[in-house]
Structure formats: C-alpha cells, structure tokens
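Visitor: Residue numbers (UniProt numbering), protein chains in the order written: chain A, 1 to 492; chain B, 1 to 492.
Number of protein chains: 2
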Amino acid sequence: MISPTSRFLSNSWRSSIILQTQSIFNLRTQRSFSATPWRLLRTTEMTDEQLASVRIDRQRLWKDIHTTCEWGKGEKWGPEETNIGMSRLTLSDADKQARDWFVETTESLGCKVTVDAMGNIFAVRPGKKDGPPTFAGSHLDTQPTGGRYDGILGVHAGIEALKAMNDHEISTEFPTGVINWTNEEGARFPISMVSSGVWAGAFPIEKAYDLVEVGGGKATQKSELERIGYLGSTEASYKANPIGAHFELHIEQGPILESSGGKIGAVEGVQAYKWFTVTVQGRDCHTGTTDFQNRSDAMLTAAKLILHSHNKAFELGCLASTGILTLKPGSTNTVPGLVRFSLDIRSKDDAKLQRLEEALKEDFSEIADGKDIGGLNTLGTKGRGCTMEWQLDTDSPATKFHEDCIKCVEASAADMLGTKASAQVQRMTSGAGHDSVYTSRRSPTSMIFVPCRDGVSHNPAEYCSPEDCGNGAQVLLGAMLRYDRLRAEKGA
Amino acid sequence: MISPTSRFLSNSWRSSIILQTQSIFNLRTQRSFSATPWRLLRTTEMTDEQLASVRIDRQRLWKDIHTTCEWGKGEKWGPEETNIGMSRLTLSDADKQARDWFVETTESLGCKVTVDAMGNIFAVRPGKKDGPPTFAGSHLDTQPTGGRYDGILGVHAGIEALKAMNDHEISTEFPTGVINWTNEEGARFPISMVSSGVWAGAFPIEKAYDLVEVGGGKATQKSELERIGYLGSTEASYKANPIGAHFELHIEQGPILESSGGKIGAVEGVQAYKWFTVTVQGRDCHTGTTDFQNRSDAMLTAAKLILHSHNKAFELGCLASTGILTLKPGSTNTVPGLVRFSLDIRSKDDAKLQRLEEALKEDFSEIADGKDIGGLNTLGTKGRGCTMEWQLDTDSPATKFHEDCIKCVEASAADMLGTKASAQVQRMTSGAGHDSVYTSRRSPTSMIFVPCRDGVSHNPAEYCSPEDCGNGAQVLLGAMLRYDRLRAEKGA
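1. Check the Cβ of G151 (chain A) against every Cβ in chain B and list those closer than 7 Å, keeping chain order.
2. By the criterion of Cβ-Cβ separation under 7 Å, what are the contact partners of V456 (chain B) in chain A?
3. Kindly give me the distance between the Cβ atoms of A200 (chain A) and T439 (chain A), rounded to whole angstroms, as I take these residues to be in contact under 8 Å.
4. If we cut at 8 Å on Cβ distances, does T334 (chain A) have a partner in chain B?
5. Can you pull the DSSP bridge partners for R485 (chain B)?
6. What are the boundary residues of the alpha helix (DSSP H) that includes Y209 (chain A)?
7. Contact check, T105 (chain A) vs I159 (chain A) under 8 Å by CB: the rounded distance?
8. Within 8 Å of any Cβ in chain A, is that where the Cβ of L438 (chain B) sits?
9. Considering K96 (chain A), what are the terminal residues of the beta strand (DSSP E) in which it resides?
10. So, at 8 Å on beta carbons, what are the nonlocal neighbours of residue 493 (chain A) in its own chain, with the 5 sequence-adjacent residues on each side left out?
11. Does DSSP put S331 (chain B) in a helix, in a strand, or in coil?
12. Can you tell which of B:L319, B:R355, B:L300, B:F314 has its C-alpha closest to the C-alpha of F341 (chain A)?
13. Can you tell me whether R283 (chain A) is helix, strand or coil according to DSSP?
14. Pop quiz: G131 (chain B) and P175 (chain B) are said to be a contact at Cβ under 8 Å. What is the actual Cβ separation, rounded to whole angstroms?
15. Cα separation between H168 (chain A) and S53 (chain A)?
16. Go to G197 (chain B), then tell me how far its beta strand (DSSP E) extends in each direction, as first and last residue.
17. Pick from B:F314, B:K371, B:H458: whose alpha carbon is nearest that of residue 563 (chain B)?
18. Does any residue of chain A have a CB that is nearer than 8 Å to the CB of P126 (chain B)?
19. At a cut-off of 7 Å, would you count L257 (chain B) as near the ligand ZN, judging by its Cβ distance to the nearest heavy atom?
20. What alpha helix (DSSP H) runs, 4 residues minimum, are completely inside the UniProt domain "Peptidase M20 dimerisation" (273-368) of chain B?
21. With a 10 Å radius around its C-beta and 16 neighbouring C-beta atoms as the bar for buried, classify residue 529 (chain B) as buried or exposed.
22. What does the alpha-carbon distance come out to for the pair K96 (chain B) and N120 (chain B)?
23. With 16 as the cutoff for other CB atoms within 10 Å, does A240 (chain B) come out buried or exposed?
24. To which residues does DSSP link I121 (chain B) through a beta bridge?
25. Does the stretch 131-143 of chain B come close enough to the stretch 220-237 of chain B that 3 or more CB-CB pairs lie under 8 Å?
26. Going straight from the alpha carbon of L476 (chain B) to that of P242 (chain B), what length do you get?
27. Are there 16 or more other CB atoms within 10 angstroms of the CB of P89 (chain B), so buried, or fewer, so exposed?
28. Kindly indicate which three-state DSSP category S171 (chain A) falls into: helix, strand or coil?
29. Mind checking if R346 (chain B) is an interface residue toward chain A, Cβ cutoff 8 Å exclusive?
30. Tell me, please, which residues DSSP counts as bridged to W390 (chain B).
31. Helix, strand or coil for K63 (chain B)? Go by DSSP, reduced to three states.
32. Look at the alpha carbon of K274 (chain A) and the alpha carbon of G323 (chain A), and state the distance between them as a whole number of angstroms.
33. Would you call the stretch 354-373 of chain B and the stretch 396-411 of chain B touching, i.e. three or more CB-CB distances under 8 Å?
34. Taking 8 Å as the CB-CB limit, is A35 (chain B) close to chain A?
35. Less than 8 Å between CB atoms is the rule here; does I159 (chain A) satisfy it with respect to chain B?
36. Using a Cβ-Cβ distance under 8 Å, would F8 (chain B) count as near chain A?
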C-alpha cells in the first residue's frame with residue numbers, strides 16, 4: 001500500500017529518488033534489479049549497501065518536531081524560535097491536539113490507526129505479509145517543565161521513518177508502524193510508563209484508570225481519556241495487540257555520549273528503579289512556643305531522611321532523588337505535623353537496589369525515631385520523634401534488551417557513520433525508564449540514544465541538535481528495515 | 001448605659017447579686033454604700049475586695065465559645081462534642097459568620113461597634129467619661145488546622161467581661177471594650193498580626209491590602225475584606241482610633257504553666273522573631289540519568305539548609321522552624337530546580353536573633369555552594385551547587401509590656417487565687433507573637449496566659465479546660481476594672 005503522500009510526489013523529486021537508487025545499486029551491487037521494479041523494493045532483496053542508502057529527510061523531521069511543539073509550549077529559555085520548553089501533560093488539551101495530529105498524519109501516510117483502552121495509539125503501515133508489526137514507539141506527553149525532545153523525538157522519528165519508506169517506495173516483509181504511548185512520564189498520573197505497562201500485563205488496567213492527578217485535582221486517568229476522546233475499544237494487551245519488535249529513539253538524558261564524543265548509543269538495557277511515597281507523621285505545634293525537644297517536626301525529619309537517602313545511595317553506588325514534597329498544614333508559624341515525599345531509587349543492578357531499599361527502610365525508621373545515624377539526630381534536633389510509612393508506587397527491575405535488536409541498531413549506526421562508527425557508537429545502559437522496558441517483556445526491543453546538550457533533560461532547556469535528531473531517526477529507520485529483513489530470514 | 005441583657009435579668013438572679021454584693025461589702029469594708037446605689041457602682045469607689053467579688057459566668061463563657069466554633073469546624077480528634085478543631089481562615093465565609101455574631105452580640109450588650117479599614121472590629125461600652133477605651137482584644141481567625149482556643153478564647157473572654165460588667169451594673173470611669181483583630185494568624189495572607197500592625201503604623205495599609213492568599217489562589221486581603229463586607233470606613237490607625245490599654249487573654253501555647261503547676265501567666269513581653277522566605281535555585285534534571293556530581297538539586301539543598309537552621313538555632317539558644325515548602329516542577333523523576341521555604345527564627349533577645357540571622361545567611365550560601373559545613377556536603381551529595389535568595393517577610397523585635405498592666409494582671413490573679421497565687425501566678429515571656437505586640441507600641445498592654453494541654457497549639461487537639469478558660473476570663477475582667485480605676489486615680 002502506497003501512501004497518499006508518496007502518490008503525489010512531484011516528478012522531479014520522484015526522478016531524483018530513481019536516479020539515486022539506481023546509481024547506488026549500479027555502483028555497489030552485482031545483482032540486477034531489472035525484474036524488481038524500484039517501487040516494490042523488498043527489504044529481503046536489498047543488500048546492506050542498499051539498506052544503508054535509504055535516507056530520511058532531516059529538514060522535514062526538524063520542522064515537524066517544532067510544528068507539533070506549538071501545542072503545550074512551556075518556558076522560553078533562549079533567543080531561537082525553538083528555544084521554548086514544553087508543558088504537555090498527558091491527556092491535557094494540548095496532548096489531545098498532538099494526538100489528533102499523530103492520527104491525521106499517519107493516516108495520510110496510509111497507516112491503519114488503532115487506539116487501545118489506555119489511549120495508546122498504534123499506526124501500522126502494511127507489509128507483504130501479515131504479522132505483528134515492527135514498531136518505532138515513544139511518547140508525546142512531557143514533564144510539566146520539560147523539553148522538546150524527550151519522547152517527542154522518538155515518535156517523530158518513527159513517523160519520519162514511515163515517510164522515508166513511502167518516499168523510497170519500500171515494501172517491508174512484515175508490517176511496520178509507530179506507537180504513541182499514553183502517560184510515559186507519570187508526571188500527571190503518578191505511575192510512569194503506565195500504559196505500556198498495562199499493555200505488557202505488568203498491572204491491571206483498573207489501577208491505571210483509577211490514578212488521580214497529582215496537585216490536588218480530581219481527574220482520573222480514565223476520566224481524562226474519556227474527556228479528550230482517546231478511550232479506545234481495543235484491549236490494551238500484548239495478547240490482543242501483539243508487537244513484532246519495538247525500537248525507541250530517545251535523547252540520552254545524561255552526559256555520557258556528549259562527554260565521550262559518541263554519536264549513537266546502542267542501548268542494552270535499563271537500570272532498575274523503584275518509586276516510593278514516604279509519609280512522615282509528626283504533630284502540628286506552634287513554632288514560637290514549642291522548644292525543640294517537645295516537637296514532632298515532620299518537615300525536619302523529612303529533611304534528615306532526604307539527606308540520608310542521598311548519602312546511603314552514594315555509598316552503595318546507586319541513585320536517590322526526591323522530586324515531590326507536600327506538607328500540612330502549611331503555615332509559617334506552625335511546625336508541620338505531616339510530610340509526604342517521593343523517593344526514586346535506581347541502580348543498574350537489582351541486588352544493589354534491594355540492598356539500598358532495605359538499608360533505607362531500616363535507617364529511616366530509626367532516624368525518625370530519634371536515633372543518631374550519620375549525625376542527623378544531635379541533641380538539639382532530636383525532638384520527640386515521628387512515625388513513618390512507605391508505599392511502593394513503581395517497581396521496575398533491571399531490563400535487558402534483545403541482542404538481535406541491539407545488533408540491528410549497531411549495524412544501522414555503522415551504515416550511517418562508516419569508519420567513524422567504532423569511535424562514535426557505544427553500548428549503553430539507560431538511566432531512565434522508557435516504554436521499551438515494558439515492550440521488552442513481550443517482544444524483542446532495543447533503544448537508540450543520541451546526545452543531548454549537557455545531558456540536560458526534564459528541563460525546558462533540554463536540547464538535541466538537528467544533526468543528532470537526524471542521526472537518531474536515520475539509525476531508527478535502518479534498524480527497522482534490517483530487523484524486518486532479519487525476521488523474514490528467520491521466518492518469524 | 002445599661003445593656004438590654006441586664007435589663008431583663010430575672011428578679012431572682014438580680015436579688016442574688018444584690019445579696020452577694022451587699023454581704024461582701026458588709027464583711028470586707030468599713031465604707032458605707034448608702035449614697036451609691038449598686039446599679040451605678042463605679043470602679044473608683046470599689047475596694048480591692050469589691051473588685052475581686054465581681055465574677056464572670058464561667059458556664060456562659062464555655063457555651064459561647066463552642067457556639068461560635070460551629071463556624072469553621074475542622075478535624076474531629078476526640079469523643080466529646082467540643083473535641084473538634086477549627087479551620088477558620090481569616091476573611092473566609094466562616095470568619096464572616098463569626099464576625100457577624102461578634103457585632104450582633106456586642107451591640108446587644110449596648111456597645112458601639114466600629115469597623116476600621118483593615119476590618120478590625122472595636123466594640124465599646126461607654127464609661128463615665130470619654131477617652132480611649134480599656135480594651136480586651138484578640139482574634140477570631142484560626143490556622144488551617146487550628147484549635148478552639150487560640151485567639152477565640154481572648155475575644156470571648158472580653159465579651160464575657162463586658163457581660164459581667166452589665167450583670168453587675170458596673171460603670172467604669174473610662175470606656176471599656178473588646179476588639180476582634182483581622183488576620184492575626186497570617187496563615188492565609190502571610191503576614192501575622194498584620195491588622196494590628198497597620199493600626200500601630202508598623203507598615204502601610206497598601207502592603208496589607210496587596211497580600212495574596214497562599215496556596216495559589218488570587219484573592220487579596222483587600223478583595224476579601226470587600227467580599228465579606230468588612231472593609232470599614234474608619235482609618236486603621238492608632239491616631240484616628242486610639243486605645244487606652246490592651247489586655248489579651250491567650251492560651252500559653254507551650255508547656256511551661258502546665259509542667260510547673262501554674263494557673264496564670266502575667267506576660268511581661270514577647271520574644272523577637274523574623275520570618276523569611278528562602279528561595280533555592282538549582283536546575284531541573286532527570287533523576288535516572290544525572291549522577292549526583294552533575295546535579296543542582298534544590299530539594300536536597302533545602303533539606304541541608306533546614307537541618308542546619310535547627311542545629312545553628314539550638315547552638316545559639318534560639319528557635320528555627322520551616323512550616324511551608326513548595327518546589328518545582330514537582331515530578332517523581334525530575335530533580336527539582338526550585339524550592340521555596342519559610343524560615344521562622346525566634347529568640348527572647350534581639351541581639352541573639354541578629355547573630356542567628358547573620359550566621360544562617362553566611363552558612364546557607366556556603367552550604368548551597370557546596371562547602372562542607374556540619375557534614376552536610378560530603379563527596380556524594382555536593383553536586384554542582386545552587387544559588388540562594390532571602391526575603392524578609394516579618395520582623396518583630398522583642399517586646400516589653402507595660403508594668404502597670406502587668407501589675408493589674410497579677411493583682412487580679414491574686415484576687416482570684418488568694419493564698420495560692422504565689423505558687424500559681426508567674427511572670428512569663430510569650431514565645432508566639434500576638435496583636436498585643438503591636439498595641440504595646442501605642443498603648444499600655446499586657447497579656448494573660450492560661451495553660452493548654454501538653455502545650456499543644458496550632459493543632460485541632462489544642463485544649464484549654466473550662467476551669468482554665470474561666471480563670472483567664474476572670475483575671476481579664478479584674479485586670480480591666482483595676483486598670484480603669486488606676487487610670488482614674490492617675491487622671492489619664
């Protein structure tokens with residue numbers, strides 16, 4: 001099936017593709033393509049060189065990214081037109097605009113679009129045979145003060161890959177496609193990657209539906225799916241809606257590629273992480289009339305615990321972070337009796353993470369109770385003590401991606417970078433969770449990382465250059481085509 | 001002027017007063033009252049014993065307190081009908097109901113009621129002569145999770161004192177009255193005692209009017225005064241509306257009286273305090289991909305600063321507290337780039353408070369910058385540092401009350417407690433700020449403290465027994481009558 005867009009390509013553009021394709025074939029291969037018209041190019045009939053010659057349109061990709069970033073614009077941070085952050089919380093009005101654009105655009109490319117019961121959108125470009133599609137997938141939602149590349153780049157690169165297949169009139173053996181996963185960020189409804197998680201059977205859909213937005217509002221994930229018209233009828237399940245493979249292009253969100261001169265990360269897996277809500281219960285009292293030893297100060301206790309979580313995580317080679325903290329009653333001259341804070345702990349190694357969790361659970365109770373651990377309870381600040389509660393919100397064990405997928409990424413990167421590949425392509429572990437964590441439980445998966453400036457992400461000033469965006473999309477396209485050929489060869 | 005209430009006292013009640021009064025006079029004084037009908041009793045004609053015999057109605061006081069606490073009820077904390085906290089933020093609908101009751105009740109007692117431009121309500125019972133009234137004053141607003149006695153007891157005791165004067169048909173030399181001060185708590189519009197402060201000329205009315213409610217709403221103190229109909233036409237000023245003396249009954253809000261067996265605190269003054277808003281600026285980044293040394297974590301920095309403020313305050317014999325903390329962007333997997341927190345520091349001594357402020361200003365910057373003070377910046381948690389800003393919100397120097405007023409309180413307490421007074425009355429310094437801080441700048445002032453259970457205040461479970469409420473109101477009445485007589489004797 002040829003897309004409406006490619007049907008109306010100008011003659012000059014079409015001619016240039018023919019010339020480019022022919023010249024490459026003439027130069028690089030011995031095989032005659034006379035029996036295979038260019039408009040029916042099959043991945044199984046293409047050599048590595050032919051695969052390498054299929055190029056995305058880098059300018060079009062860049063333009064498309066910043067066009068859709070008009071919906072949900074955030075904070076301006078620099079002089080350029082695109083130096084504006086994003087604030088496109090999942091299932092907001094702005095997210096609906098981006099989703100509508102996604103559906104309209106992929107349909108115009110000839111895709112069949114399916115929305116599942118979690119609002120995940122699957123756009124599928126048919127292949128020669130039926131079967132679970134080879135997908136590019138990521139997300140269009142952002143953090144409240146996010147940037148223009150986290151998630152957004154991956155979805156756009158997937159669409160650009162489909163456009164390039166149309167432009168080059170390539171017919172894949174199996175269907176290909178692009179997925180926009182709902183609420184990857186977990187910023188509004190506080191479980192991240194929740195909808196790929198439901199798809200993978202990691203938790204029941206009711207749990208996802210019932211999530212209430214943070215910040216005191218009353219909307220649930222289900223009510224917002226209904227409100228914006230993206231509560232689909234297809235079951236959100238790997239059984240009802242299987243995936244053949246999942247490739248996700250993403251900015252690294254860290255400093256490793258940039259500082260080492262790397263251009264492409266072939267991601268082998270994702271570090272383990274757990275999210276907790278920690279509740280500290282003390283007692284409200286007047287700040288002016290209650291001496292330190294008679295206080296049960298939930299805020300002071302939380303400060304000790306947050307500091308201790310960092311020290312302990314560093315000691316064990318892990319990470320710890322607190323991104324949300326709320327307190328009650330919230331008055332300058334009342335010592336808070338209740339504090340709740342988020343605790344995000346991470347490690348490449350499941351066992352290390354387990355050790356950190358156990359250590360913190362033990363230490364937190366003792367610190368809250370007044371025991372002097374790490375100099376945190378000196379005479380003056382010990383007080384009468386507080387009580388503690390832990391709630392586990394997310395548990396994401398360390399993930400290993402599929403070697404076939406990783407190798408397709410490496411080969412595609414080598415196609416693009418040539419002799420520089422050995423210096424500029426590196427295997428990496430992702431520090432952040434991504435929808436690929438859950439897809440990897442149910443289908444071969446890998447990710448592609450590209451550098452982002454200073455490693456900054458979840459910040460309006462997050463930036464990935466046009467060159468790096470293009471590099472990533474190019475490697476994504478190549479990996480999808482190579483994987484399609486591999487599937488056909490393996491007969492899977 | 002005799003109040004409508006006393007006009008309709010039952011004959012039996014009236015007779016009992018006459019009998020009681022006559023018997024006391026016969027027993028304790030040599031002077032004949034034949035020339036002075038009981039219904040025109042003047043304070044200057046009363047002996048100490050006669051003054052001591054004028055009693056409030058303890059049951060009526062208790063009932064009135066809990067009647068008005070129906071408006072703005074908070075959290076239930078115990079089995080009794082009155083075991084319910086208060087959530088009556090200033091200028092809320094519930095506060096308007098309490099204000100309307102105040103106006104109606106005091107007018108029914110024969111008072112002239114004036115509302116000034118800050119919504120302060122002055123109810124004045126005429127005396128033999130004109131002149132600035134001797135007032136009881138406090139406030140009807142509460143903390144968001146407050147109790148039934150902080151402020152409320154003082155206003156009710158003032159009204160009960162006027163009722164007792166009516167019941168006993170006492171004619172004071174100068175006018176007496178009761179004041180309900182607006183927004184003593186500073187919980188909704190974040191300057192405490194703001195309206196007595198404007199009255200005293202401590203800050204311009206525009207500053208008070210422009211205060212915006214905490215918690216993200218848009219209402220200002222002025223817009224809410226207008227909305228509930230309490231933006232009065234009288235200038236809020238000690239010049240336009242002078243006060244002869246100010247007595248304030250209050251629960252201690254601390255554990256001293258209770259733990260020492262004291263019943264009445266004769267308050268000599270109020271400790272100095274300052275309120276600041278501290279802003280920590282870091283940089284948002286992803287919690288999973290940013291190692292500790294590349295973070296500018298505003299939340300971790302705030303935790304260090306809060307802990308340090310307590311340690312330093314303890315070292316210098318002062319207090320420090322953080323009751324409000326907000327952060328941005330507020331997402332579990334984003335390291336916060338911005339934290340703002342309140343810092344409340346206190347000391348009995350202005351110079352000590354100054355030393356604490358200077359030390360914290362110096363240390364906070366260095367800690368935020370990464371210097372290891374007090375073990376707060378170890379290798380693991382140092383990061384790239386954050387920047388700091390301080391904003392002074394309230395500056396209340398140490399206050400000394402008026403010796404004449406303090407002595408009237410002591411004498412009135414001795415009247416009530418008799419031989420136990422030496423053990424049960426003590427001079428104290430208030431840890432909390434009160435409207436008396438500002439009235440003391442412009443008129444003789446003192447306060448009366450009564451015990452509250454466990455020293456708990458700013459908490460739904462704040463509790464003052466019927467006996468202690470009654471004791472406080474009784475001492476308040478006696479102090480006002482004694483001060484009226486003293487004024488007349490001094491001719492002021």
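Ideal placement from N, C-alpha and C gives every residue a C-beta, glycine not left out.
All figures in this text were calculated on a predicted structure; none of them were measured in a lab.
Guide: Here's the rundown:
1. None at all; the shortest Cβ gap to chain B is about 12 Å.
2. Residues of chain A passing the Cβ test: C285.
3. 7 Å
4. yes
5. For R485 (chain B), which the question treats as bridged, DSSP gives no partner whatsoever.
6. From DSSP, the alpha helix (DSSP H) with Y209 (chain A) extends over 205-209.
7. Cβ atoms of T105 (chain A) and I159 (chain A) come within 8 Å of each other, at about 6 Å.
8. At residue 438 (chain B) the sequence reads Tyr, which differs from the Leu that was named. Chain A, which has no Cβ nearer than 8 Å to the Cβ of Y438 (chain B), makes this no.
9. Run containing K96 (chain A): none in the beta strand (DSSP E); it sits in the alpha helix (DSSP H), 93-108.
10. No statement about residue 493 (chain A) is possible, as the shown extent of chain A runs from 1 to 492 and does not include it.
11. coil
12. It is B:L300 whose Cα lies nearest to the Cα of F341 (chain A).
13. Residue state, collapsed to three classes: strand.
14. 7 Å
15. 10 Å
16. Run containing G197 (chain B): none in the beta strand (DSSP E); it sits in the alpha helix (DSSP H), 194-199.
17. This structure cannot speak to residue 563 (chain B), because chain B is shown only from 1 to 492.
18. Using a Cβ-Cβ cut-off of 8 Å, P126 (chain B) does not count as an interface residue toward chain A, since no Cβ of chain A sits closer than that to its own.
19. Absent from the structure shown: the ligand ZN. Ligands present: none.
20. 298-315
21. The shown model of chain B, from 1 to 492, leaves out residue 529 (chain B), and the question about it has no answer.
22. 12 Å
23. exposed
24. Answer is B:V115, B:N180.
25. Here the stretch 220-237 of chain B does not lie against the stretch 131-143 of chain B, with fewer than 3 beta-carbon pairs under 8 Å apart.
26. 20 Å
27. Note that residue 89 (chain B) is Leu in the sequence shown, not Pro. Label assigned to L89 (chain B): buried.
28. In the three-state reduction of the DSSP assignment, S171 (chain A) falls in the strand class, which pools E and B.
29. Yes, its Cβ sits closer than 8 Å to a Cβ of chain A.
30. B:V278
31. The answer is helix: DSSP assigns K63 (chain B) an H, G or I state.
32. 13 Å
33. Not touching, per the Cβ criterion.
34. Legend: pLDDT at A35 (chain B) = 38, less than 50; position of this residue unreliable, value from coordinates given subsequently. Not one chain A Cβ lies under 8 Å of A35 (chain B).
35. no
36. The predicted model places F8 (chain B) with a pLDDT of 34, which falls under 50 and marks its position as unreliable; any figure quoted below should be read in that light. False, the Cβ-Cβ gap to chain A never drops below 8 Å.
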